[in-house]
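Working notes, beginning with the structure itself.
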Ligand SMILES: Nc1ncnc2c1ncn2[C@@H]1O[C@H](COP(=O)(O)OP(=O)(O)O)[C@@H](O)[C@H]1O
Ligand SMILES: [Mg+2]
């Protein structure tokens, strides 16, 4: 029986897909069977005749069938569902995650936006991203940017997660510039404010494909990186 992890962000376009790819590559490298699931993807793109994240996972990672619900409008899922009248069933999503957990060691579930994103509008309210995570009973990994605003965004996301009884397993910072005093201090401050393991600080890559692979090769020999990864994913990560 494997374990699913929900990859959420402190906002949209934060780097959840890049971080999901990073985790996929690094965990697969260690011999684990890893799946990716993107339950709700909105925003059909004519250029690729498809949906960006699902297309990315297929073309860059060779991961097929990561999607569950795809909705043409580039809006929040609840609005895209209303605009298209598409039939959506939250139980289908939960069941898929549970099936993937039976088949794979690790299942990386990429959210749409952040934890307070409404997924489905119901008669009495909204079925929110945090409700899906709670119902699927899986821990989360928060992805944040590293610059100005990161402290507030990470602290509020963490506090929202805790208020709703979610288990925050790890933090990953994206587009981290080790030469920036602000970035350095943000990570130090957030680590003090938030009780979750710091898993990685990904730099800005000029060629994501190539750079991500060499970046991972370097990280695998760094025990400071390996130890928290082992703690969070609970598997022996070999160098
Ligand atoms: N570390 C990075 N280096 C270079 N480009 C990045 C990095 N992280 C994100 N990007 C770019 O920023 C955009 C948003 O990233 P993405 O992972 O798709 O965000 P999200 O999944 O949170 O919406 C994409 O165009 C992606 O290629
Ligand atoms: Mg994405």
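In my numbering, the protein residues as written are 983 to 1221.
Note that CB positions come from ideal geometry on N, CA and C, so glycine has one too.
Coil, strand or helix - residue i by DSSP
i: residue 1160; result: coil
i: residue 1121; result: coil
i: residue 1034; result: helix
i: residue 1062; result: helix
i: residue 1073; result: helix
i: residue 1089; result: strand
i: residue 1143; result: helix
i: residue 1212; result: helix
i: residue 1205; result: helix
i: residue 1154; result: strand
i: residue 1015; result: coil
i: residue 988; result: strand
i: residue 1221; result: Residue confidence is low: residue 1221 scores 38 on pLDDT, short of 50, so the model does not pin down where it sits. Its coordinate-derived value is still stated next. Three-state DSSP puts residue 1221 in coil, outside helix and strand.
i: residue 1000; result: helix
i: residue 1046; result: coil
i: residue 1094; result: coil
i: residue 1194; result: helix
i: residue 1039; result: helix
i: residue 1067; result: coil
i: residue 1009; result: helix
i: residue 1105; result: coil
i: residue 1167; result: helix
i: residue 1057; result: coil
Distance cut-off 6 Å: residue i Cβ against heavy atoms of ligand 2
i: residue 998; result: yes
i: residue 1035; result: yes
Member of the options whose CA lies at the smallest distance from the CA of residue i
i: residue 1185; options: 1133, 1020, 1194, 1085; result: 1194
i: residue 1056; options: 1203, 985, 994, 1119; result: 994
i: residue 1016; options: 983, 1157, 1066, 1170; result: 983
i: residue 1066; options: 1024, 1050, 1115; result: 1024
i: residue 1141; options: 1096, 1165, 1100, 1161; result: 1096
i: residue 1001; options: 1011, 1101, 1156, 1164; result: 1156
i: residue 1060; options: 1175, 1108, 1081; result: 1108
Any non-hydrogen atom of ligand 1 within 6 Å of residue i CB
i: residue 1189; result: no
i: residue 991; result: yes
i: residue 1186; result: yes
i: residue 1119; result: no
i: residue 1156; result: yes
i: residue 995; result: yes
Strand pairing of residue i, partner residues [DSSP]
i: residue 1110; result: 1100
i: residue 1126; result: 1155
i: residue 1023; result: 1052
i: residue 1179; result: 1152
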